[in-house]
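In the numbering used here, the protein residues as written are 1 to 443.
These notes are about the structure you will find just below.
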C-alpha cells in the first residue's frame, strides 16, 4: 500500500480524492509565496494560513529584510549555503526544528521534536555557542531561558509568532488572577470555609496556574512566581496531577481545548470546567460557578487544530473503513472523542511507527508533519483529515532563505535575530519550566 500525502501544491482531499482549493477557506494559496513578499509588519493578521483570521497584536515583530541574494537564490542554492555554513560552524551551532516546520528547513535540523523534546534539547547542549531555533517565538524564548549563560538563541524570522500564545497576555492574566483571589482567597477551603491542608501539612492553594508551552515568557514567569507550572501536550496529564496535588483547582491558559480534553480524560466533569473570557466580568461566570470549578479554562485556541471536525472523521471512516484516526489534543473535544486516539505530535509519530504495515491513518494535525510521516512511511496510507489544507502561517515564515542568512552571519561572527528574555523574567519563568521538565510524560 502506498502512502500519499496531501500537498500544498495539489491539495487533494484524500489519497484518491479530487483537488481542493485554498481560496474561499480561512487560508489561501498566497501562503506558498516567499515570506518577504508580505508587508512588514503585518498590521491586521498573520497573513495567509490557518491563523490569518486572528488579529496580530500591536507591536508584533516585523519580518526582517534580508540581502537580495538570499531572496533570489534557488532552493538548491539555499540548501548548499545552509549545508556549507553548518559544516563550517560544526558544534558551535545547533539547529533545532519543530515537527511542524517545512521539509526544506527541518532537513537541516540537528534535532527534531515537539516543544517538550526541544526544550529538553535546549538545555542539553551547553557546548554550542548558538542555538538556531526553527520554530516560533515562544519556543525560542524557552530555549533562551533554559540555555546556559553566554549562548545565543536565534530565531531565523522573528515574525514567526503564535496566534494562540497571543490570546493570553500578561495584563489580562494578572487581572484574572486578582479576580480569582477576590473570590477564593489564597488557600483552598471546604464547604464550611475551613482551610484544607495538604499532605505536607501546609495549606493547599485555592488555584494553581498552568500555562501551556504556547505562551510568552512573561506568562511562564507569572506561573513561576505564583506556584504554577508549564505544560506541553506531551505531559499535560502529568502536570495536572502535579497541580491537583498542590491546589484545589487549576487556571489553565491559553488553550481551552488541551485543558478540557486532558481534564475530561482524568474524570473532571465538564460542568466543573468553566470558560474564562477575559473581556467579561469574572470571565463571564458567577462567583459560585468559579467556587465549584476544578479547571478554569482560558478562552484560547489553535487556529490549525480548531479546523478539524467530526464530519471530517465520519467521511474518512466512510471512505476508508477500518482507518485509524489520530488527532492532536488541541482539537475540539467532540473531535478528540470521535477519534481513535489523541496525543502530542510525538504520540502521533510513535503510533504510526509502531503500526503493522498496510494501515491507513487519518491524522488531525499540522500538514507539514502529516506529509513528512507519509513520506517516511510508504508502508501505510496517511492523509490529513482537513480537506482544505491550511498550514500554520506563522510556522511557515521560517524559510530556508532566513536560515541560510542567520547561519552565514554566524560564520562571519555576527549574531542576528537573537531572542533574549530579560533576566528577571527568565529567572521566574525557569522555575515553572524546570517543574515542567521534571513532569516526565507517562509512557
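Think of the CB as a built atom: it goes at the ideal place given N, C-alpha and C, for glycine as much as any other residue.
Small disclaimer: the values here were computed from a predicted structure and weren't measured.
Smallest Cα separation from residue 331: which of 47, 271, 349 and 257? As a working note, residue 331 is residue 331 in the chain shown. Per the Cα distances, 257.
If you follow the alpha helix (DSSP H) that residue 253 is in, where does it begin and where does it stop? Position 253 of the chain shown, counting from 1, holds the residue named residue 253. Run containing residue 253: none in the alpha helix (DSSP H); it sits in the beta strand (DSSP E), 250 to 253.
When you compare only the Cα positions, how much space is there between residue 219 and residue 326? Position 219 of the chain shown holds residue 219. Position 326 of the chain shown holds residue 326. Near 30 Å, if we compare the C-alpha coordinates of residue 326 and residue 219.
Counted within 10 angstroms of its Cβ, other Cβ atoms place residue 181 as buried (16 or more) or exposed: Position 181 of the chain shown, counted from the start, is the residue given in the question as residue 181. Residue 181 comes out exposed.
Cβ pair residue 367, residue 160 closer than 7 Å: Position 367 of the chain shown holds residue 367. Position 160 of the chain shown holds residue 160. For residue 367 and residue 160, no; Cβs fall outside 7 Å.
When the Cα atoms are used, what is the spatial distance from residue 75 to residue 400? Position 75 of the chain shown, counted from the start, is the residue given in the question as residue 75. Position 400 of the chain shown, counted from the start, is the residue given in the question as residue 400. Between residue 75 and residue 400, the C-alpha separation is close to 8 Å.
Under a three-way DSSP split, which group does residue 125 fall into? For the purposes of this step, residue 125 is taken as the residue at position 125 of the chain shown. In the structure shown, residue 125 sits in coil (DSSP, three-state: anything other than H, G, I, E or B).
From the DSSP output, which residues share a beta bridge with residue 212? Here the question's residue 212 lines up with position 212 in the chain shown. DSSP, once it has assigned bridges, lists 231 as partnering residue 212.
Helix or strand or just coil, what does DSSP make of residue 328? Residue numbering aside, residue 328 sits at position 328 when the chain shown is read from its first letter. Residue 328 falls in the coil class under three-state DSSP.
Determine, using beta-carbon pairs with one atom in the stretch 365 to 385 and one in the stretch 261 to 275, whether at least three such pairs fall under 8 Å. no
Assign residue 66 to one of three DSSP states: helix, strand, or coil. Reading the chain shown from its first residue, position 66 is the one you call residue 66. Coil at residue 66, not helix or strand.
From residue 138 to residue 201, what does the alpha carbon distance come to, in whole angstroms? Position 138 of the chain shown, counted from the first residue, corresponds to residue 138. Position 201 of the chain shown, counted from the first residue, corresponds to residue 201. In this structure, the alpha-carbon of residue 138 lies about 37 Å from that of residue 201.
If you compare alpha carbons, which of 352, 362 and 282 is closest to residue 319? Locating residue 319 in the chain shown gives position 319, where the first residue counts as 1. Nearest C-alpha to residue 319: 362.
The alpha helix (DSSP H) spanning residue 223 covers which residue range? The residue labelled residue 223 in the question sits at position 223 within the chain shown. 217 to 225 is the extent of the alpha helix (DSSP H) around residue 223.
Less than 7 Å separating the beta-carbons of residue 185 and residue 206? Sequence index remark: in the chain shown, residue 185 carries index 185 (1-based). Sequence index remark: in the chain shown, residue 206 carries index 206 (1-based). Yes, Cβ-Cβ distance for residue 185 and residue 206 is below 7 Å.
If you run the structure through DSSP and keep just helix, strand and coil, what is residue 308? Walking along the chain shown from the start, residue 308 turns up at place 308. In the three-state reduction of the DSSP assignment, residue 308 falls in the coil class.
May I ask you to verify whether the stretch 417 to 427 touches the stretch 160 to 176, counting CB pairs closer than 8 Å and requiring at least 3? no
Nearest-angstrom Cα separation, counted from residue 351 out to residue 187: As a working mapping, residue 187 is identified with position 187 in the chain shown. As a working mapping, residue 351 is identified with position 351 in the chain shown. Residue 187 and residue 351: Cα-Cα distance of roughly 42 Å.
Do the CB positions of residue 254 and residue 168 come within less than 7 Å of each other? In the chain shown, counting from the first residue as 1, residue 254 sits at position 254. In the chain shown, counting from the first residue as 1, residue 168 sits at position 168. Result yes, Cβ atoms of residue 254 and residue 168 sit closer than 7 Å.
Run the CB neighbour count on residue 270, radius 10 Å, all protein chains shown included, and call it buried at 16 or more, exposed below. Here the question's residue 270 lines up with position 270 in the chain shown. Exposed, since its Cβ has fewer than 16 Cβ neighbours within 10 Å.
Output the boundary residues of the alpha helix (DSSP H) element that contains residue 177. Residue numbering aside, residue 177 sits at position 177 when the chain shown is read from its first letter. First-last of the alpha helix (DSSP H) with residue 177: 170 to 184.
Quick one: Cα of residue 177 to Cα of residue 224, how far? Locating residue 177 in the chain shown gives position 177, counting from the first residue. Locating residue 224 in the chain shown gives position 224, counting from the first residue. Roughly 14 Å between the two C-alpha positions.
What residues in its chain sit with their C-beta under 6 Å from that of residue 172, if we drop five residues either side in the sequence? For the purposes of this step, residue 172 is identified with residue 172 of the chain shown, where counting begins at 1. Closer than 6 Å at the Cβ level, and outside the excluded window around residue 172, lie 278.
Determine the closest residue to residue 212 out of 252, 287 and 100, with distance taken between C-alpha atoms. Here residue 212 is taken as the residue at index 212 of the chain shown, counted from 1. Answer by Cα proximity: 252.
Whose CA, out of 437, 406, 434 and 415, lies closest to the CA of residue 150? Within the chain shown, the letter at position 150 stands for residue 150. Answer by Cα proximity: 415.
What are the residues that DSSP puts in a beta bridge with residue 362? Walking along the chain shown from the start, residue 362 turns up at place 362. DSSP lists 325 and 383 as partners of residue 362.
By how many angstroms is the C-alpha of residue 435 removed from the C-alpha of residue 299? Start at 1 with the first residue of the chain shown, and residue 299 comes out as number 299. Start at 1 with the first residue of the chain shown, and residue 435 comes out as number 435. Whole-angstrom Cα-Cα distance: 24 Å.
Between the Cα of residue 417 and the Cα atoms of 427, 406 and 411, which residue gives the shortest distance? Here residue 417 refers to the residue found at position 417 when the chain shown is read from its first residue. Across the set 427, 406 and 411, the C-alpha of 406 shows the shortest separation from the C-alpha of residue 417.
What three-state label does DSSP hand residue 284 in the structure shown? By one-based count along the chain shown, residue 284 stands at place 284. Of the three classes helix, strand and coil, the one that applies to residue 284 here is helix, per DSSP.
Rounded C-beta distance between residue 123 and residue 146? I'm assuming under 8 Å. Residue mapping note: residue 123 aligns to position 123 of the chain shown, counting from 1. Residue mapping note: residue 146 aligns to position 146 of the chain shown, counting from 1. 4 Å between Cβ atoms; contact.
Sequence-distant residues of the same chain with beta carbon closer than 6 Å to residue 226, five excluded per side: Position 226 of the chain shown, counted from the start, is the residue given in the question as residue 226. The answer, listed in chain order, is 209.
Exposed or buried, residue 103, counting other C-beta atoms within 10 Å across all chains shown (16 or more means buried)? For this step, residue 103 is matched to residue 103 along the chain shown. Classification of residue 103: exposed, given that the 10 Å Cβ count is below 16.
Would you check whether the ligand COA has a heavy atom nearer than 6 Å to the C-beta of residue 394? The model depicted lacks the ligand COA and carries no ligand whatsoever.
Sufficient close CB pairs (3 or more, under 8 Å) joining the stretch 284 to 292 to the stretch 303 to 317: no
Can you tell me whether residue 430 is buried or exposed? The criterion is at least 16 other CB atoms within 10 Å of its CB, across all chains shown. Numbered from its first residue, the chain shown carries residue 430 at position 430. Residue 430 is buried by the Cβ-count criterion.
So is residue 241 buried or exposed if we call it buried at 16+ other beta carbons inside 10 Å? Within the chain shown, the letter at position 241 stands for residue 241. Exposed, since its Cβ has fewer than 16 Cβ neighbours within 10 Å.
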